[in-house]
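What follows is a single structure, written as structure tokens, with notes after it.
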Amino acid sequence: MALDKRQSQTDILQLLRGRVEMTRADIAAELGLSMPTVINNVNLMVQNGILEECGSEQSTGGRRARRIRLKTDAAYAVGINVAVHHVSMALTDLQGEILENVREEMIFSDTLDWYRELGSRLRNFVDRCGIPGDKILGVGISFPGIIDEDGNEVIRSHIFGLSHMSTDRFRRFIPWPLTIANDANCGCRSELAPGRDSYLYVSLSTSVGGSIMVNGRIFIGDTRQAGEIGHMILVPGGRRCYCGKKGCADPYLSSMLLRNTLQMPELTRKEQMSLFFEKLEAGDPDCSRVWDTYLNDLAVLLTNLRMALDMNIIIGGEVGRYMEPHLEELINKMTGYDLFQRDIDYVLACRPRNAFTAGAANLALDAFIGTLLEQA
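So that you can map any letter, position 303 of the sequence shown is 787 in this note's numbering, and since no number is skipped, the others follow by simple counting.
As structure tokens, this is what we get:
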């Protein structure tokens, strides 16, 4: 395939990944391509089963324009989130919509046996979904650590106590093209949508992280540590963080603070989170006290981040899934710290989805969707 034709088709694919459906004229206008170029390439991708026609525009006279969309079952991707005590997997279609997902207890261990078991569980998951292996474009892995530019090395993972770990251990046991990224960056990618392309994503889970999206691209920083907000000092000389410092945001805003209030280790972490918010809604005094302190600490962090970055903030992670009903309470606390903003309308709750796995799968689609054109 000629280079210019390949690029045009790739651009059309990426454009349609963010839209439900478009006409050929819409595509030409959006990408700045000529109508003959769009017509020829779209028709070819329809013939090859990558795109499909799905209806017509209302006509004011003359021939009605046909709308085009991705044939979402032309291929799939898998996202994997690696956490301390579990692994989550999600199968997505070409639009990044989750079709199937699973969460399995699997304590991380940097051993060949662990990576071998992950590969086995991944293949079993794909088989249970009924998807032929050659329909999987690629696999994206969400991992808590700083990943090098090429995805070949975990430079450092404080929470796992790793440094300079080759990602070949994953590739050895995963039979599909693989990309790996920081977990907060994956969560951030899952929030990208038309009209929403610049924001700060704050991940509040067992560990606290963040990611910065600017014009549809994740800002990495000079040393690939941009967005490491969990290790910003929130309380000087305060609680010791797992990174070794005292007073980081992480020990004040980890979801463990909420879960541990219940003192029910027999429950899974997901069950603990759900029960905490159930008790909070019921007015449990211990949960209410912990939550009030948690929100106050979060308000301080978010107003500082707003002053530094001046962009919308999306609250994600385990806590973000429950944040929507509590936004007003959080904003009321923030008004005492942000005296520059008349109305605090820049804080949003994440979309209720498996953000890390969805984002990892979307990153795999970003990386490997061009292979559809090679197969056609």
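Virtual Cβ for every residue (Gly too), placed ideally from N, Cα, C.
Quantities reported herein were computed from a predicted structural model and do not represent experimental measurements.
| Asked | Found |
| --- | --- |
| Flag this pair as touching only if the segment 656-663 and the segment 620-628 have three or more C-beta atom pairs under 8 Å; answer yes or no. | yes |
| Note down, in chain order, each residue of its chain lying with its Cβ closer than 8 Å to the Cβ of residue 745, except the 5 sequence neighbours on either side. | 760, 770, 771 and 774 |
| Leaving out the 5 sequence neighbours to the left and right, which residues in its chain are closer than 7 Å to residue 781 when beta-carbon positions are compared? | 718, 736 and 737 |
| Rounding to the nearest angstrom, what Cα-Cα distance links residue 556 and residue 579 in this structure? | 6 Å |
| Is DSSP giving residue 699 helix, strand or coil here? | coil |
| Hey, how far is the Cα of residue 627 from the Cα of residue 734? | 17 Å |
| Between 504, 554 and 631, which has its C-alpha nearest residue 527's C-alpha? | 554 |
| Could you work out which residue in 730, 753 and 783 is closest to residue 820 when comparing CA atoms only? | 783 |
| Assuming residue 627 is part of the beta strand (DSSP E), what are its boundary residues? | 620-627 |
| Taking the C-alpha atoms as reference points, what is the distance between residue 732 and residue 778? | 14 Å |
| In angstroms, rounded to a whole number, what distance separates the CA positions of residue 858 and residue 635? | 23 Å |
| What beta strand (DSSP E) runs, 3 residues minimum, are completely inside the segment 815-853? | 831-833 |
| Given a threshold of 16 other Cβ atoms within 10 Å of its Cβ, counted over all protein chains shown, does residue 715 qualify as buried or as exposed? | buried |
| Rounded to the nearest angstrom, what separates residue 608 and residue 693 at their Cα positions? | 31 Å |
| Is it the case that the Cβ atoms of residue 822 and residue 855 are separated by a distance below 7 Å? | no |
| Quick one, are the C-beta atoms of residue 522 and residue 534 less than 7 Å apart? | no |
| Does the pairing of the segment 829-849 with the segment 663-683 give three or more beta-carbon distances under 8 Å? | yes |
| Helix, strand or coil for residue 727, going by three-state DSSP, please let me know. | coil |
| So what does residue 732 bridge to, in DSSP terms? | 717 |
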